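Visitor: Numbering (the working numbering), first residue to last: 8 to 306. Cβ atoms here follow ideal geometry from the backbone N, Cα and C, with glycine treated the same way. Here the structure is a predicted model, which is why all the values come from computation and not from measurement.
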Ligand code: AMP
């Protein structure tokens with residue numbers, strides 16, 4: 008595995024690989040790699056011969072009050088893991104390489120960033136879209152893989168690619184979870200032992216809402232209330248949002264219709280650590296039981 012730090016060199020390598028008819032797949036990350044990231048690398052092998060992992064903690068997607076400076080980093084371990092996983096190139100530019108003095112471009116994706124993460128982290132998706140575009144232009148891939156863990160980010164990237172006519176296929180990989188359902192995340196290291204035990208409540212609340220939907224619940228307010236009520240069983244929790252929406256547009260109708268694909272989305276603070284999670288599901292067309300059983304969550 009080769010480590011590359013300069014954009015020009017990365018581009019030249021990619022062009023060279025393409026000349027010898029190799030396909031390239033890129034897996035963008037912020038490092039501190041875990042099994043979730045490595046599952047993306049495994050998936051990458053199904054698409055192309057050349058795998059590039061990018062590792063860049065992108066300052067422009069963090070607000071001033073967020074954890075940019077203390078975001079966990081371990082370059083030696085990350086490069087060891089990438090080498091073992093069969094990565095061909097690890098691209099690790101520094102901040103000045105990506106944002107030289109005078110850099111000013113910003114990519115705004117519009118509507119799909121209005122709610123959820125976009126609302127609670129203003130400017131976050133401008134930072135994400137801009138860096139993704141720069142990483143794609145640096146690595147020149149045929150495919151790029153992103154995790155469903157960051158659901159709204161996936162929508163942003165897809166929109167970026169389609170609105171700007173990028174000749175790249177975006178692949179979305181499923182969320183890898185710990186034994187108790189907690190989605191793997193580099194930020195999980197911030198959790199104390201107690202918080203780590205409590206953190207499974209995110210998965211539990213998604214599953215409770217899923218269960219209600221599978222048993223006939225269709226009303227957004229009630230679905231959201233089920234998640235809120237479940238999360239609030241942990242006193243240490245602060246909810247940014249626990250909500251449901253149409254999966255493709257993030258629109259929020261009062262009631263979902265049979266056959267619609269929806270997403271349940273959560274962002275909470277456990278102590279000082281912000282965690283996100285989501286799950287997607289189809290609204291079933293046949294009712295299994297009486298939806299009235301969830302009326303207790305109304306209001
Ligand atoms: P990050 O380093 O957190 O920016 O994540 C880099 C990529 O890995 C993103 O596309 C994430 O969605 C994805 N990812 C992060 N956690 C997981 C997970 N638990 N399962 C699958 N993919 C993940």
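1) Assign residue 9 to buried or exposed, taking buried as 16 or more other Cβ atoms, counted over all protein chains shown, within 10 Å of its Cβ.
2) From the DSSP secondary-structure annotation, give me the bridge partner or partners of residue 136.
3) I'd like the ranges of any alpha helix (DSSP H) spanning at least 4 consecutive residues and lying wholly in the region 98 to 162.
4) At a cut-off of 7 Å, is residue 183 close to the ligand AMP when judged by its beta-carbon and the heavy atoms of the ligand?
5) According to DSSP, residue 269 sits in a beta bridge with which residue or residues?
6) If you draw a straight line from the alpha carbon of residue 53 to that of residue 85, how long is it in whole angstroms?
7) Got a sec, what are the start and stop residues for the beta strand (DSSP E) residue 176 sits in?
8) May I have the straight-line CA-CA distance separating residue 288 from residue 218, to the nearest angstrom?
9) What's the C-alpha gap between residue 94 and residue 276?
10) For residue 183, which residues of its own chain have a beta-carbon under 6 Å away from its beta-carbon, when the five flanking residues on both sides are left out?
11) Could you work out which residue in 209, 199, 193 is closest to residue 75 when comparing CA atoms only?
12) Quick check on the DSSP output: what are the complete alpha helix (DSSP H) runs of length 4 or more inside the region 184 to 258, in order along the chain?
13) If you draw a straight line from the alpha carbon of residue 204 to that of residue 30, how long is it in whole angstroms?
14) Report yes if the CB atom of residue 309 is closer than 8 Å to the CB atom of residue 269, and no otherwise.
15) Is residue 191 near the ligand AMP, going by C-beta to nearest heavy atom under 7 Å?
16) Tell me whether residue 180 counts as near the ligand AMP, meaning its Cβ is closer than 7 Å to at least one heavy atom of that ligand.
17) Which residues does DSSP pair with residue 262 in a beta bridge?
18) For my contact list, residue 17 and residue 137 are in at a C-beta cut-off of 8 Å; report their separation, rounded to the angstrom.
19) Can you tell me whether DSSP reads residue 64 as helix, strand or coil?
20) Looking only at DSSP bridge pairs, what is residue 32 linked to?
21) Once DSSP output is grouped into helix, strand and coil, what is the label at residue 171?
22) Apart from the five residues on each side of it in sequence, which residues of its chain come closer than 8 Å, Cβ to Cβ, to residue 142?
23) For the 8 Å Cβ check, are there 3 or more pairs between the region 78 to 92 and the region 170 to 187?
24) Assign residue 226 to one of two classes, buried (16 or more other C-beta atoms within 10 Å of its C-beta) or exposed (fewer than that).
25) Could you please give me the residues that DSSP links to residue 309 through a beta bridge?
26) Which residue wins for smallest C-alpha separation from residue 66, given the options 185, 211, 130, 292?
27) Verify the contact flag: residue 153, CB atom, against every heavy atom of the ligand AMP, threshold strictly below 7 Å.
28) In angstroms with no decimal places, state the Cα-to-Cα distance between residue 156 and residue 284.
29) If residue 265 and residue 290 are in contact, beta carbons under 8 Å, what's the gap, nearest whole angstrom?
Guide: Checking against the coordinates, here is how it stands:
1) Locating residue 9 in the chain shown gives position 2, counting from the first residue. Flag for residue 9 reads exposed.
2) Numbered from 1 along the chain shown, position 129 holds the residue referred to as residue 136. DSSP output for residue 136 lists no bridge partner at all.
3) 102 to 105, 124 to 127, 131 to 146
4) Start at 1 with the first residue of the chain shown, and residue 183 comes out as number 176. It does: the Cβ of residue 183 is within 7 Å (strictly closer) of some heavy atom of the ligand AMP.
5) By one-based count along the chain shown, residue 269 stands at place 262. According to DSSP, which records beta bridges pairwise, residue 269 is partnered with 253, 288.
6) In the chain shown, the residue the question calls residue 53 occupies position 46. In the chain shown, the residue the question calls residue 85 occupies position 78. Roughly 22 Å separates the two Cα atoms.
7) Here residue 176 refers to the residue found at position 169 of the chain shown. Per DSSP, residue 176 belongs to the beta strand (DSSP E) from 176 to 180.
8) Position 281 of the chain shown, counting from 1, holds the residue named residue 288. Position 211 of the chain shown, counting from 1, holds the residue named residue 218. The alpha-carbon atoms of residue 288 and residue 218 are separated by roughly 11 Å.
9) The residue labelled residue 94 in the question sits at position 87 within the chain shown. The residue labelled residue 276 in the question sits at position 269 within the chain shown. Looking at the two C-alpha atoms, the distance is approximately 34 Å.
10) On the chain shown, position 176 is the one that residue 183 refers to. If we look at residue 183 and ignore the five residues flanking it on each side, its Cβ neighbours are 42, 43, 46, 191.
11) The sequence position of residue 75 within the chain shown is 68, counting from 1. Checking every option, the nearest Cα to that of residue 75 belongs to 193.
12) 200 to 205, 208 to 221, 227 to 238
13) Here the question's residue 204 lines up with position 197 in the chain shown. Here the question's residue 30 lines up with position 23 in the chain shown. Cα to Cα, the separation comes out at about 42 Å.
14) No statement about residue 309 is possible, as the shown extent of the chain runs from 8 to 306 and does not include it.
15) Taking the chain shown and counting its residues from 1, the one referred to as residue 191 is at position 184. Yes.
16) Mapped onto the chain shown, residue 180 falls at position 173. Yes, the ligand AMP has a heavy atom inside 7 Å of this Cβ.
17) For this step, residue 262 is matched to residue 255 along the chain shown. DSSP, once it has assigned bridges, lists 226 as partnering residue 262.
18) Along the chain shown, one-based indexing puts residue 17 at 10. Along the chain shown, one-based indexing puts residue 137 at 130. 17 Å between Cβ atoms; not a contact.
19) The residue labelled residue 64 in the question sits at position 57 within the chain shown. In this structure, residue 64 counts as coil in the three-state DSSP scheme.
20) Along the chain shown, one-based indexing puts residue 32 at 25. Partner(s): 58, 150.
21) As a first step, residue 171 is located in the chain shown; it is residue number 164 there, counting from the start. Note: residue 171 maps to coil in three-state DSSP.
22) Residue mapping note: residue 142 aligns to position 135 of the chain shown, counting from 1. Closer than 8 Å at Cβ, skipping near neighbours: 33, 35, 61, 63, 98.
23) no
24) Translated into positions along the chain shown, residue 226 becomes position 219. Counting Cβ neighbours within 10 Å, residue 226 comes out buried, since at least 16 surround it.
25) The shown model of the chain, from 8 to 306, leaves out residue 309, and the question about it has no answer.
26) Within the chain shown, residue 66 is the residue found at index 59, counting from 1. When each option's Cα is compared against that of residue 66, the closest is 130.
27) Against the chain shown, residue 153 aligns to sequence position 146. Indeed, a heavy atom of the ligand AMP lies less than 7 Å from the Cβ.
28) Locating residue 156 in the chain shown gives position 149, counting from the first residue. Locating residue 284 in the chain shown gives position 277, counting from the first residue. For residue 156 and residue 284, the distance between alpha carbons rounds to 6 Å.
29) Here residue 265 refers to the residue found at position 258 of the chain shown. Here residue 290 refers to the residue found at position 283 of the chain shown. Between residue 290 and residue 265 the Cβ distance is about 5 Å, and since that is below 8 Å, they are a contact.
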